[in-house]
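Data block below; observations after.
In this note's numbering, the protein residues as written are 2 to 172.
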């Protein structure tokens with residue numbers, strides 16, 4: 002088993018999976034935020050789920066020959082879960098990160114995650130910034146920085162009465 006989380010020759014550290022459906026208006030910002038990462042040990046799997054607009058063309062323009070980016074095109078819309086699952090089937094990374102097409106990540110996001118990776122960790126959660134109608138606010142994942150939670154503790158937290166912890170992906 003490879004426990005060298007600084008990267009390895011046979012595999013990719015991160016697989017970023019981006020399901021897309023009619024995302025031409027915002028996919029450029031998403032791709033550019035990933036291309037600007039300070040950590041370069043990643044692949045991006047863009048799954049076009051039957052878009053009727055120029056989503057794929059926008060992706061191709063922004064990828065511009067960057068071999069870390071792969072586009073999978075599905076002719077008929079099957080939904081975001083099917084698109085994510087298709088991305089998972091094609092992922093080679095040790096760690097999976099789902100990113101929505103209308104989201105973007107800070108330039109040091111992967112580097113920050115890399116600093117807390119551990120072979121014993123199954124899930125990493127972080128706060129995020131939500132933006133609507135020109136206003137931004139931070140949404141807390143509900144854990145303190147560096148918290149290590151057992152499976153039972155995670156379930157209690159997720160299904161507790163004061164839970165604000167959401168998966169895939171927060172609305």
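Glycine is no exception: its CB is placed at the ideal position from the N, C-alpha and C atoms. Computed from a predicted structure; not experimentally measured.
Following the DSSP letters along the chain, one finds residue 25 in no beta strand (DSSP E), marked with neither H nor E. For the stretch 53-82, the full-length alpha helix (DSSP H) segments reaching 4 residues or more read 56-64 along the chain. Of the residues assessed, residue 38 falls on the buried side of the cut-off, its CB having 16 or more other CB atoms within 10 angstroms.
In the three-state reduction of the DSSP assignment, residue 121 falls in the coil class.
Counting the other Cβ atoms within 10 Å of the Cβ of residue 53 gives fewer than 16, which makes it exposed. Non-local beta-carbon contacts of residue 25 in its own chain, meaning distances under 7 angstroms to residues more than five positions away in sequence, involve 54, 55, 56, 59 in chain order.
Annotation: residue 44 is outside any alpha helix (DSSP H); the continuous beta strand (DSSP E) that includes it extends over 43-50. Cβ neighbours of residue 50 within its own chain (closer than 8 angstroms, five residues either side excluded): 20, 21, 22, 75, 78, 79, 80, 81, 83, 84.
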